[in-house]
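J.: Protein chains in written order, with this note's numbering: chain A, 350 to 842; chain B, -19 to 109. From the three backbone atoms N, C-alpha and C, an ideal C-beta is built for every residue, glycine too.
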Amino acid sequence: MSNIPVLIVLLPLSAALLCMALSLIHWRLGRDVVIASVAASLVLSVIQLKDVIDHGTVSYVFGKYKIPYGIEFRIDAISAVIIVMILIIGFITLLFSMSFEVRDGGKVKNSGAYTMLALLIVGMVGMTSTGDMFNLYVFLEITSLSGYCLIALGGSRGIVAAFRYMLVGTIAATFYLLGVGILYSQTGTLNMEDMHYMLSRGVSTEAQAVALVFIIAAFGVKMALFPFNGWQPSAYAHANAGSRPLIAGVMGKIPAYAMFRYIFCIYGSEFRFMDEFLLIVGIFSCCGIIYGSVRAMAQTDLRKMLAYSSVAQIGYITLGFATGSPVGIVGGFLHMLAHAFMKSGLFFGTGAIRQKYGSMKMEDLGYIYKKMPLTSGLMVVAALSMVGIPPLGGFFSKWYIGMGAAGSHHLVYLFVLVISSLLNAVYFFKLFEKMFMARDKELPDRIPSEVAQEVPWNMVLAIVVCFLAIILIGVFNVPIVNVLMPTVMEVGS
Amino acid sequence: MTNNMSGISVFLADKGIYFLTAFLLVLGIYGMITCKNYMKKLICMNIMQVAVIFFFLCFGQKNGGTIPVQVTGLMGARHYINPLPHGLMLTAIVVSLGTTGVGLALLTRIKEKYGSIEEDDIIKGENKF
């Protein structure tokens, strides 16, 4: 049996634990070990993806315990794709955050940020690959705790945002645990596959429904689905600048995937209140899409605008799930991929602008396209993809979600999709207007030209990777859908 | 009448503990919403987590079961309680310890930066940054 699934988690985990100690020996040793381990995991995850595409679902059993009793990593095509996405964005975020080191003499003062970033990656990869419900809770908490620390590293307002997120996030984790407890007391199993088997053989429907309410609420908080999104804007806006792309781009997507697994893989279409639950998720998503877009229009701070737009975009993903048809679900996953690259791309762009000119206000962006052509190119592509312009990733994901909504006769969902695309256009064209038309504020350039023409190489790499990913997801949407579709057909109704 | 009473007491003896844990859970959430002091919010968070731990331990109990260590002459799973909920809760306790630790660390930083852990003062201070 190949050890790849566990190595992907284990390498960054051990590097994260070693990072602080190694930083004491030499200031860049810890950082380099973390980056190398994530790069190695990235390579392994690509190998794993190829393996899963060729040979179907991979199952890794820990300690040779028999399956319903032991812990299992279970990687199907969807989770393999998501793991590759997490590791790509994690890797470029690690490189990107090198520019945000706080140096004090020969020492890096915030080398703990690399530890936390690596732990965040570990938690998210673990959540995606695990096949055990309690194991998911542990990885959820690893993700959240490192997320709190990274948000708290963002300065005075970041600490308060992190504390508030911690309170709400702990309620969410406790609710998740409660839901798992109810299911466990009814079935006596924690393995997801076994749980599906048990639930389909007549467990009291009321207990199942109560557990699902707790679990949806828990993941709703973690992914900032609409009525649970109170913590999200300030947390995303005030997080540590170097790690913001990973937090904003990927951290919200993984609970959405976990929710997908609960609704479709564990409960499945045998569950009696399935349609009602999907309808509730759909209503939440529709409200979230409209609310997030409207609030984003009113913001002047670039980070806040992008954070509110994330509320809307998470709504698209869950809307795709709420259609309940395989095409819609695949659309949700495609949007998950595309939006991860779009949102981290936009945050890479704002991070680069902040590093060069020290401002995050919309009105200071005047003439930026002449001064930072690469960065503004990425931001334009990412924003157009958000709005949904055809060759880019965002268009195709919305197209599949729309097809799913039309196929399951949810015409309101289609209407909300169109309206929100127009709203997206309003606030992103406001951004374009500031970037291309507004007067030059002539802010002082903080990166000397002998260091780099525009931004340092690590930022350029992050920008180029996101730029290419957005276009490639759009152009090659059919192969991606072909990879995801068989798994969704298996579990979808 | 007496029959009815015994019905209630049987019900309470059987299920009453779940109402108490549910009450503890709601009490914790209520405290987190209403308290203005961040330290009190953190304490209420702990109360809420403990409630779920109790919940797991309660359904892990069974009448006439002994500790899950094999005793000579006592064969069959029905004589032993299921150790798994307790094992899970050990992990959950460790997680809640970690969360509390992070929370306390954040609180000391808040106290350093804002000079107070009262919500009103922090909101006032936030507008200055």
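Identify the contact partners of Ala72/B in chain A, using a Cβ-Cβ distance below 7 Å as the criterion.
T.: Leu526
J.: Run down chain B in chain order and give the residues with a C-beta less than 8 Å from the C-beta of Gly496/A.
T.: For Gly496/A, there are no neighbours in chain B by C-beta distance under 8 Å, as the nearest C-beta there is about 10 Å away.
J.: Could you confirm whether any beta carbon from chain E is found closer than 8 Å to the beta carbon of Val509/A?
T.: No chain E is part of this structure, whose protein chains are labelled A and B.
J.: Can you name the residues of chain A whose CB is closer than 7 Å to the CB of Ile102/B?
T.: In chain order: Val509.
J.: Assign Asn540/A to one of three DSSP states: helix, strand, or coil.
T.: strand
J.: Would you mind reading off the limits of the alpha helix (DSSP H) that contains Phe764/A?
T.: Residues Leu760 to Phe781.
J.: Name the one or two DSSP bridge partners that Phe422/A has.
T.: Tyr409/A and Thr479/A.
J.: To the nearest angstrom, how far is the alpha carbon of Ala818/A from that of Ile441/A?
T.: Distance between the alpha carbons of Ala818/A and Ile441/A is about 12 Å.
J.: Short of 7 Å Cβ to Cβ, which residues in the region 478 to 493 of chain A face chain B?
T.: So the list reads Phe483, Val487 and Glu490, given in the order they occur along the chain.
J.: Is there a Cβ from chain A that is less than 8 Å from the Cβ of Met25/B?
T.: yes
J.: What residues of chain A sit near Gln29/B, judged by a beta carbon separation below 9 Å?
T.: Chain A residues near Gln29/B: Thr519, Ala522, Thr523 and Leu526.
J.: For a cutoff of 8 Å on Cβ pairs, would you count Phe512/A as touching chain B?
T.: Yes, Phe512/A lies at the interface with chain B (some Cβ there is under 8 Å from its Cβ).
J.: Does DSSP put Arg788/A in a helix, in a strand, or in coil?
T.: coil
J.: Output the distance between the C-alpha atoms of Thr14/B and Pro576/A, rounded to the nearest integer angstrom.
T.: Roughly 19 Å between the two C-alpha positions.
J.: Can you list the residues of chain B that Ser592/A reaches, using a CB-CB cut of under 9 Å?
T.: Those do not exist, as Ser592/A stays about 16 Å from chain B at its closest Cβ, beyond 9 Å.
J.: Measuring only the C-alpha atoms, how far is Ile(-3)/B from Gln41/B?
T.: 12 Å
J.: What are the start and end residues of the alpha helix (DSSP H) that includes Gly504/A?
T.: Note, Gly504/A: premise wrong, no alpha helix (DSSP H); not H, not E.
J.: Does DSSP classify Asn17/B as helix, strand or coil?
T.: strand
J.: Determine the extent of the alpha helix (DSSP H) in which His587/A is found, giving its start and end residues.
T.: If you look at His587/A, you'll find it in the alpha helix (DSSP H) that goes Gln581 to His587.
J.: At the level of alpha carbons, what is the spacing between Ala291/A and Val804/A?
T.: Look at the range of chain A in this structure, 350 to 842, and you will see that residue 291/A is not part of it.
J.: Given that Ile111/B touches chain A, what residues does it touch there, using C-beta distances under 8 Å?
T.: No information on residue 111/B is available, as it lies outside the stretch -19 to 109 that chain B covers here.
J.: Could you tell me which chain A residues have their CB closer than 8 Å to the CB of Tyr18/B, listed as they occur along the chain?
T.: Phe512
J.: With burial defined as no fewer than 16 other Cβ atoms inside 10 Å of the residue's Cβ, what is the status of Gln802/A: buried or exposed?
T.: exposed
J.: Would you verify that the beta carbon of Lys91/B is, or is not, closer than 8 Å to some beta carbon of chain A?
T.: Contact with chain A is absent for Lys91/B, since none of that chain's Cβ atoms lies less than 8 Å from the residue's Cβ.
J.: Taking any Cβ of chain B, which residues in the region 529 to 562 of chain A have a Cβ under 7 Å from it, in chain order?
T.: Gly530 and Ser534
J.: Quick check on Leu68/B - is its C-beta less than 8 Å from some C-beta in chain A?
T.: Closer than 8 Å to some Cβ of chain A, the Cβ of Leu68/B qualifies, so yes.
J.: Using the rule of at least 16 other Cβ atoms within 10 Å of the residue's Cβ for burial, across every protein chain shown, is Lys571/A buried or exposed?
T.: Flag for Lys571/A reads buried.
J.: Note down, in chain order, each residue of its chain lying with its Cβ closer than 7 Å to the Cβ of Ile564/A, except the 5 sequence neighbours on either side.
T.: Short of 7 Å from the beta carbon of Ile564/A, and not among the five residues preceding or following it, lie these beta carbons of its own chain, in chain order: Tyr525, Gly528 and Tyr611.
J.: If you drop the 5 nearest sequence neighbours on each side, which residues of the same chain put their C-beta closer than 7 Å to that of Lys705/A?
T.: Met721, Asp794, Arg795, Ile796 and Val804
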